[in-house]
Amino acid sequence: MVELIVGIVIVVLLAVVIIGAYNRLVTLRQRVSEAYSDIDVQLKRRHDLIPNLVETVKGYAAHERGVFDEVTQARANAIAAGSAAPAQRAQAENMLTGALRSLFAVAEAYPQLQAVQEFKDLSENLTATEDKIAFARRFYNGSVRDYNTALQTFPTVVFGSMFGFKPSEYFEVTETAEREVPQVKFT
37 MVELIVGIVI VVLLAVVIIG AYNRLVTLRQ RVSEAYSDID VQLKRRHDLI
87 PNLVETVKGY AAHERGVFDE VTQARANAIA AGSAAPAQRA QAENMLTGAL
137 RSLFAVAEAY PQLQAVQEFK DLSENLTATE DKIAFARRFY NGSVRDYNTA
187 LQTFPTVVFG SMFGFKPSEY FEVTETAERE VPQVKFT
């Protein structure tokens with residue numbers, strides 16, 4: 037009789053541990069999903085600002101067609117990568133950041149453009165959006181770190197994969213893209 041009670045207690049404790057760990061993984065996975073959604077919102081905002089910015093610059097530097105085409109193509113690629121894995125999406129966004137850097141380099145060559153209020157407003161909005169993207173990316177990567185760590189620690193390492201939990205990818209920008217965010221200068 038004592039063995040039966042001990043056996044039942046062990047089974048109940050094991051079930052409680054497994055259920056608790058499972059629920060923790062579900063919560064962490066949902067946090068990762070929510071954080072990725074935050075990145076998505078900010079990237080969409082960034083993508084929405086770009087056509088107006090290109091048109092504004094185009095009005096003053098119409099002969100810089102190569103830069104405009106590069107920005108437009110990079111934006112299209114970034115939008116198309118919206119449903120891709122975080123690593124591929126980050127790569128597309130890195131290309132867009134590089135194209136925007138070229139666009140702002142063109143804008144610097146036209147002082148009259150920098151005096152236009154619409155350009156100033158768009159540039160400030162883009163800079164604020166870049167800051168929000170960086171914050172959302174840090175939050176997402178922190179959530180991924182917590183989730184992946186939970187997957188690799190005991191007891192979830194034992195049964196996490198049995199329940200279909202897989203590690204998440206980080207949303208990483210290249211080191212150069214991180215250090216060289218499109219700069220907005222008004223001289």
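In our numbering, the protein residues as written are 37 to 223. Just so it is clear, CB atoms sit at the ideal spot from N, CA and C, and this is done for glycine as well.
Select from 89, 108 and 95 the residue whose C-alpha is nearest the C-alpha of residue 140.
89
The alpha helix (DSSP H) that contains residue 94, what's its start and end?
38 to 94
With a threshold of 7 Å on Cβ separation, who are the neighbours of residue 78 within its own chain once the five nearest residues in sequence on each side are excluded?
Beyond the five residues adjoining it in sequence on each side, residue 78 comes within less than 7 Å, by CB distance, of 165, 168, 169 and 172 in the same chain, given in chain order.
Span of the alpha helix (DSSP H), counted from its first residue to its last, around residue 154:
153 to 188 is the extent of the alpha helix (DSSP H) around residue 154.
Identify which residue in 176, 144 and 160 has its Cα closest to the Cα of residue 126.
176
For the putative contact between residue 81 and residue 201, defined by C-beta atoms under 8 Å, what is the C-beta separation to the nearest angstrom?
That belief does not hold up - the Cβ atoms of residue 81 and residue 201 are roughly 31 Å apart, past 8 Å.
First and last residue of the alpha helix (DSSP H) that includes residue 117?
Careful: residue 117 lies outside any alpha helix (DSSP H) and carries neither H nor E.
Could you name the residues of the same chain whose beta carbon sits closer than 7 Å to that of residue 195, not counting the 5 residues immediately before and after it, in chain order?
54
Can you grab the Cα-Cα spacing for the pair residue 43 / residue 51, in whole Å?
12 Å
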